[in-house]
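Asks: Chains as they are written, first to last, in my numbering: chain A, 236 to 413; chain B, 354 to 642.
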Amino acid sequence: MKRFLFGFSLLILSISADAQKLRSEKGSITFFSDGAIEDITATNTAAGSMLNAATGELVFIVPILEFRFSNSLMREHFNEKYMETEKYPKSSFTGKLIGFDAAKTGEQNVKAIGKLTMHGVSKDVEIPGTVEFASGKATVKSKFVVKLADYNIKIPTIVFQNIAEKVELKIDFTYKTI
Amino acid sequence: MIKKLQILIILFCCPLAFAWAQDDLLKELEQTTPKDTEYAFQTFKGTRLVNGQSVETKSKGTLEFIVAHRFEPINSGHTEMFGLDQAHVRVGLEYGITDRLGIGFGRNGGADKIRNAYLRYKVLRQQKGASNFPFTMTLIGDVSATKKVSDQSVDRVGYVGQMLIARKFSPHLSLQLMPTIVHRNAVDKATENNNQVAIGAGGRIKISKSVAFTSEYYYRVNPNANTRNYNAIGLGIDIETGGHVFQLVMTNTQGTTERGFITETTGNIKNGGIQFGFNVTRTFQLKKK
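1. Hey, is Leu383 (chain A)'s beta-carbon within less than 8 Å of any beta-carbon in chain B?
2. Cβ atoms of Ile427 (chain B) and Gln628 (chain B): under 8 Å apart, would you say?
3. Work out the CA separation of Lys322 (chain A) and Lys380 (chain B) for me, nearest whole Å.
4. Going by beta-carbon coordinates alone, are Arg537 (chain B) and Gly511 (chain B) separated by less than 8 Å?
5. To the nearest angstrom, how far is the alpha carbon of Thr374 (chain A) from that of Lys331 (chain A)?
6. Quick check on this structure: which residue in B:His525, B:Asn582, B:Thr385 and B:Asn548 has the alpha carbon closest to the alpha carbon of Phe566 (chain B)?
7. Am I right that Glu447 (chain B) and Ile493 (chain B) are in contact with their C-beta atoms under 8 Å? What's the rounded C-beta distance?
8. So, helix, strand or coil for Asp508 (chain B), using DSSP?
9. Quick one: which chain A residues come within Cβ less than 9 Å of Gln628 (chain B)?
10. Under three-state DSSP, which class holds Ile250 (chain A)?
11. Can you confirm whether Thr329 (chain A), when its beta carbon is compared against all beta carbons of chain B, has any partner nearer than 8 Å?
12. Please classify Met434 (chain B): does DSSP put it in a helix, a strand, or coil?
13. Between which two residues does the beta strand (DSSP E) harbouring Ile493 (chain B) extend?
14. Using a Cβ-Cβ distance cut-off of 8 Å, determine whether Lys261 (chain A) contacts chain B.
15. Taking C-beta to C-beta, are Ala288 (chain A) and Leu257 (chain A) nearer than 8 Å?
16. To which residues of the same chain is Thr548 (chain B) closer than 6 Å at the C-beta, ignoring the five residues directly before and after it?
17. So which residues of chain A does Thr636 (chain B) contact, with C-beta pairs closer than 7 Å?
18. Return the chain-ordered list of same chain residues with a C-beta closer than 7 Å to the C-beta of Gly371 (chain A), the five sequence neighbours on each side being excluded.
19. What would DSSP say about Leu382 (chain B), mapped onto helix, strand or coil?
20. State the Cα-Cα distance for the pair Asp495 (chain B) and Thr265 (chain A), rounded to the nearest angstrom.
21. Within 10 angstroms of its Cβ, does Gln653 (chain B) collect 16 or more other Cβ (buried), or is it exposed?
22. Considering Cα atoms alone, identify which of A:Val366, A:Thr352 and A:His312 is closest to Glu593 (chain B).
23. Between which two residues does the alpha helix (DSSP H) harbouring Phe614 (chain B) extend?
24. Can you determine whether any heavy atom of the ligand FAD sits closer than 7 Å to the C-beta of Leu383 (chain A), and answer yes or no?
25. Do Ile296 (chain A) and Thr386 (chain B) have their C-beta atoms closer together than 8 Å?
26. What in chain A is Cβ-close to Thr415 (chain B), meaning under 9 Å?
27. In the DSSP assignment, the beta strand (DSSP E) including Arg581 (chain B) goes from what residue to what residue?
28. Quick one: is Glu400 (chain A) buried, meaning 16 or more other Cβ sit within 10 Å of its Cβ, or exposed?
29. Count the other CB atoms within 10 Å of the CB of Ala347 (chain A); is the residue buried (16 or more) or exposed (fewer)?
30. Taking the CB atoms as reference points, tell me whether Ser284 (chain A) and Ser259 (chain A) lie closer together than 8 Å.
31. Asn314 (chain A) bridges to which residues according to DSSP?
32. Determine, using beta carbons only, whether Thr320 (chain A) and Val294 (chain A) come nearer to each other than 8 Å.
33. With a threshold of 6 Å on Cβ separation, who are the neighbours of Ile250 (chain A) within its own chain once the five nearest residues in sequence on each side are excluded?
34. Taking only beta-carbon positions, decide if Leu351 (chain A) is within less than 8 Å of chain B.
35. Less than 8 Å separating the beta-carbons of Gly414 (chain B) and Gly445 (chain B)?
36. Let me know if Glu273 (chain A) comes out buried or exposed under the rule of 16 or more other beta-carbons within 10 Å of its beta-carbon.
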């Protein structure tokens, strides 16, 4: 029993070890929809992220209302009709970088495996991306496609300026140690 | 046996502990991110509730084209196709100078040919998060002129001051109060007042992402004892499609400006003095953000 307790506390210790945690100082998430009538782009620079370089854990939070469009009516429709922002104000990701080596310098290709939550729906995802990690600073970049139907986001038939059924998301975070 | 149990427990806890760790990181991020202020958006779909103004302003650089159309009362009978043979049309434009300041113009094609211009400023915004405020307040100042009524051109002029207070209680329910004063330079003193104070109340219930029911009532506080006019009431359905908002309305007034419907409403609901009408608005983005 003693050995069990010892083992268990070791396990807890190893998890809570507050190792190399980094926090995003700059981040942008760009949304791109290749529509039949017009292409729609929006950028969000209010997203926040944290990276644990020791374990490869990565999380980010995106306040949906902060996506900026070139057309203000589009922003209203995006929030009211698609994302239902008042009900689901934030999207988030929690996951782990696979193939990340904190000892390696230069850009490395990684995969983030975890849960992406959008519009109140959580999905297991695998997102490809790159990490550059050196002396307490890091850059994470990724580009991936999200199918709106997977997150129960419906495209109202009555709206003419349709968003495509699949949208591309581009993520770019720069971190520094906290 | 105990050893096996230990291994089992540890094996079971490992993935759980991993999940907790990630959630902890997410929580840490949540807690250390400064809260931002969220402003209520789209309290109403349009700048008009039914006949009258709403607290909404156009965003900076957007131009709204409004056509407000009112038929004749349905009690005009079948020879007039229950009012549909005749129509009163107001054509207007409104432009967002900033997200909170707007300017508008319009002209009525009705009997009195009211032309009006107004400024609209959103003084207070409903918000939550880093700071809280319970309602949105917009002030509107309007100046208008009718067609020639006497040799004095100043007799045609009138002014409207409004304080609109609205709260979006939920995505489905928004309510608005609109204390208003209308001043007209020249009136028929036997039945009308130069200064007419009114308190309006209205709201909307959204039934789907693109459709909402609206209502509006303006109570005249100090009507002339011999008034021949009525308080304006209106019910509507808002349908939003892309850049258009269609508002279908049933109302007892042909006025589509505050001056018109607060002081000159002639429809007596009890005798079927109501008419069908609609507002169509189209929004154009003139300046890219």
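Even for Gly, the Cβ is constructed at its ideal location relative to N, Cα and C.
Replies: In brief:
1. Not one chain B Cβ lies under 8 Å of Leu383 (chain A).
2. For the 8 Å CB-CB criterion, Gln628 (chain B) and Ile427 (chain B) form a contact.
3. 20 Å
4. Annotated as proximal: Arg537 (chain B) and Gly511 (chain B), with beta-carbon spacing under 8 Å.
5. 15 Å
6. B:His525
7. The pair is not a contact, with the Cβ atoms about 11 Å apart (cut-off 8 Å).
8. helix
9. Neighbours of Gln628 (chain B) on chain A: none; closest Cβ ~27 Å, over 9 Å.
10. Here the model assigns Ile250 (chain A) a pLDDT of 47, short of 50, so the residue's position is not dependable, and the following value carries that caveat. Here Ile250 (chain A) sits in helix by DSSP.
11. yes
12. helix
13. Thr489 to Ala498
14. no
15. Cβ distance < 8 Å, so Ala288 (chain A) and Leu257 (chain A) count as in contact.
16. What sits at residue 548 (chain B) in the sequence shown is Asn, not Thr. Only His536 meet the Cβ criterion.
17. What Thr636 (chain B) touches in chain A: Leu308.
18. Lys411 and Thr412
19. helix
20. 42 Å
21. No answer is possible for residue 653 (chain B): it lies beyond the span of chain B, which begins at 354 and ends at 642.
22. A:His312
23. In the DSSP annotation of this structure, the continuous segment of the alpha helix (DSSP H) that includes Phe614 (chain B) starts and ends at Glu611 to Thr616.
24. Of ligands this structure carries none, so the ligand FAD is not represented either.
25. yes
26. Asn306, Ser307 and Leu308
27. Where Arg581 (chain B) is concerned, there is no enclosing beta strand (DSSP E), given that its DSSP letter is neither H nor E.
28. exposed
29. buried
30. yes
31. For Asn314 (chain A), which the question treats as bridged, DSSP gives no partner whatsoever.
32. no
33. Below a pLDDT of 50, predicted positions are generally treated as unreliable, and Ile250 (chain A), at 47, falls in that range; the measurement from the model is reported next regardless. Here the set comprises nothing.
34. no
35. No, the Cβ-Cβ distance between Gly414 (chain B) and Gly445 (chain B) is not below 8 Å.
36. exposed
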